[in-house]
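Numbering (our numbering), first residue to last: 1032 to 1106.
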């Protein structure tokens, strides 16, 4: 099972750029860019909590599990 952080999709749905969001959160732009990529291998729980609070979402809306077979078929 793979885990996917949906931050890129959520920001796009809300019309918020990664840069805008990073600045509003007082986080490094590189941190938000990394969390929006498909290569995230670790993240601090507190960072996820801050993102959820800022976007008024739950952690299960931000993080989803991805079936690896479906993921491979998409590539």
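Note that beta-carbon positions come from the ideal geometry of N, C-alpha and C, so glycine has one too. Since we're looking at a predicted model, the values are computed, not measured.
Can you give the Cα-Cα distance for residue i and residue j, rounded to whole angstroms?
| i | j | result |
| --- | --- | --- |
| residue 1097 | residue 1071 | 14 angstroms |
| residue 1046 | residue 1040 | 10 angstroms |
| residue 1081 | residue 1032 | 25 angstroms |
Would you say residue i and residue j are within 7 angstroms of each other, going by their C-beta atoms?
| i | j | result |
| --- | --- | --- |
| residue 1038 | residue 1079 | no |
| residue 1060 | residue 1050 | yes |
| residue 1085 | residue 1056 | yes |
Apart from the five residues just before and just after residue i, which ones in its own chain have a Cβ nearer than 8 angstroms to its Cβ?
| i | result |
| --- | --- |
| residue 1034 | 1094, 1095, 1096 and 1097 |
Apart from the five residues just before and just after residue i, which ones in its own chain have a Cβ nearer than 7 angstroms to its Cβ?
| i | result |
| --- | --- |
| residue 1083 | 1089, 1090 and 1093 |
With a threshold of 16 other CB atoms inside 10 Å of the CB of residue i, please say whether the residue is buried or exposed.
| i | result |
| --- | --- |
| residue 1076 | exposed |
Suppose the cutoff is 6 angstroms on Cβ atoms and the five residues either side in sequence are ignored; what does the same chain contact list for residue i look like?
| i | result |
| --- | --- |
| residue 1053 | 1060 and 1063 |
Complete runs of the alpha helix (DSSP H) confined to the region 1035-1094 [at least 4 residues]: 1038-1045, 1049-1056, 1060-1066, 1076-1086 and 1090-1093
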